[in-house]
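To convert, take the position in the sequence shown, counting from 1, and add 2; that gives my numbering.
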Amino acid sequence: MKEKVESICNEIKEKISNISNIQDLNNIKTQYMGKKGIITELQNGIKDASDKKEYGMNVNTIRTCFNDNYENKLKELNEKELNKKLESEKVDISLPATKINTGAPNILESLIEEVEELFMSMGYDVVDGPEIEEDKFNFEMLNIPKGHPARDAQDTFYIEDESILLRSQTSPVQARTMLKGNGNTPIRMICPGKTYRRDDDDATHSHQFMQIEGLLVDKNISLSDLKGTFDTIAKKLFGENCETRFRPSYYQFTEPSVETDISCFNCHGKGCNICKNTGWITVSGAGMVHPNVLRNCGYDPEVWSGFAFGFGAERLAMLKYGINDIRTFYQTDIRELKNFDRKETK
Ligand code: DAH
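So this is what it looks like as structure tokens:
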């Protein structure tokens, strides 16, 4: 009997040791331990055994032998499987990484956001207006009637019979905002937006560019309010040492009209090529809102007064970041744009 047990055990050992996959291991389990398996049958034979105790012990030895070999093999096969998987998923961390090009905030947008935040901190609203505009708002309500020579200065893209156009300035938003104010509401607004003129593109001209319009209407507003506001903004944008000055100018919708200058941040008045040796840089047109414009838009000029201004956004950004070609903003050349990544130029 003892030999029989030994030979069954040896057979089990040998069979299991030759197995190389889980499927075969499962099969052999059924073969020995299944319902009609060899060990199960031996177990069932106990009822006919003469020495049940010894018989039982022998069957147990065989079962233990099977279980031990089975468990060891299972462990071995699982480990093999895992190693295979790890091998196939191995990452070579010494390989050079692929360079990912990241974007940077558009410098013009960043500048506009900065200006918006400054004006918002002074109680201004940021408003919007249509780029496809009516002649009425772009010119007529702003005191520029049909046939007026001031129209020639703005080579306009007309869309339909001279009544619909691509706005040549953001000033029409002044008229639109005043009309909404019903002649009885104070106004503080800025409007950054795209404008269009039939210019040939070169380093300083673009057929599409951006302006930042501003309008304040209230009671007892004077030119000194405009000066104070402009001075505050200029110092915030260009540094506390920035000085400002007004020069007389002419715009049809403001009276008096001025050009606003800042002291040259590059040479501080000594003269350089940024300020064309004058020590000053012009950054916007501005003035007191013309009584005709107030009246056209429903505000009584005897009661209300206001100031308006218009910055060229690209010009501000070019000055602030030392860019000398306006086309830079509109070309999507990542190598070029990288040079003006805000982080690097600040
Ligand atoms: N709209 C003018 C232009 O495009 C700029 C401007 C000048 C706007 C004076 C104003 C202003 O609001 O008061 O040339």
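C-beta atoms are modelled at their ideal positions from N, C-alpha and C, and glycine is treated no differently.
No experiment lies behind these values; they were computed from the predicted model shown.
Item, Value
"Residue interval of the alpha helix (DSSP H) (run including residue 117)", "109-122"
"Contact between the segment 292-308 and the segment 180-188 (3+ Cβ pairs under 8 Å)", "yes"
"Three-state secondary structure (DSSP) of residue 193", "strand"
"Proximity winner among 69, 308, 179, 125, relative to residue 132 (alpha-carbon distances)", "179"
"Three or more C-beta pairs below 8 Å linking the segment 209-228 and the segment 308-315", "yes"
"For residue 213, the three-state DSSP class (helix, strand or coil)", "strand"
"Own chain partners of residue 206 with C-beta closer than 7 Å, once the 5 adjacent residues on each side are dropped", "328"
"Cutoff 8 Å; reference residue 212; Cβ partners in own chain excluding five residues on either side", "110, 114, 194, 195, 196, 197, 314, 315, 316"
"Beta-carbon contacts of residue 170 that lie in its chain and below 7 Å, excluding the five residues immediately before and after", "140, 156, 158, 197, 198, 199"
"Anticipated Cβ contact below 8 Å, residue 135 with residue 174, distance rounded", "5 Å"
"Own chain, CB closer than 8 Å to residue 7, minus 5 neighbours either side, in chain order", "60, 63, 64"
"CA-to-CA distance, residue 56 to residue 68, given in whole angstroms", "18 Å"
"Assumed close pair residue 288, residue 228 - CB separation to whole angstroms, cut-off 8 Å", "6 Å"
"Three-way DSSP call (helix, strand, coil) for residue 141 in this model", "coil"
"CA-to-CA distance, residue 323 to residue 346, given in whole angstroms", "Unreliable placement is indicated for residue 346, whose pLDDT of 45 sits below 50; no coordinate value is reported for it."
"Contact under 7 Å by Cβ, residue 265 with residue 273", "no"
"Burial state of residue 203, where buried means 16 or more other Cβ atoms lie within 10 Å", "exposed"
"From 290, 267, 237, residue whose alpha carbon lies closest to that of residue 1", "Absent from the structure is residue 1, since the part of the chain shown begins at 3 and ends at 348."
"Residue 292 burial status per 10 Å Cβ neighbour count (16 or more: buried)", "buried"
"Enclosing alpha helix (DSSP H) for residue 164 [first to last residue]", "Taken as a continuous stretch (DSSP letters only), residue 164 belongs to no alpha helix (DSSP H), as it is neither H nor E."
"Exposed unless 16 or more other CB atoms sit within 10 angstroms - verdict on residue 75", "buried"
"Simplified DSSP assignment, three categories, for residue 10", "helix"
"Burial state of residue 333 (16 or more Cβ within 10 Å)", "exposed"
"Residue of 190, 247, 210 minimising C-alpha distance to residue 223", "190"
"Residue burial classification, residue 160 (beta-carbon count within 10 angstroms, cutoff 16)", "exposed"
"Which of helix, strand or coil DSSP assigns to residue 349", "As displayed, the chain neither begins before 3 nor continues past 348, which places residue 349 out of reach and without an answer."
"Every unbroken alpha helix (DSSP H) inside the segment 16-99 [4 residues or more]", "24-35, 40-46, 54-90"
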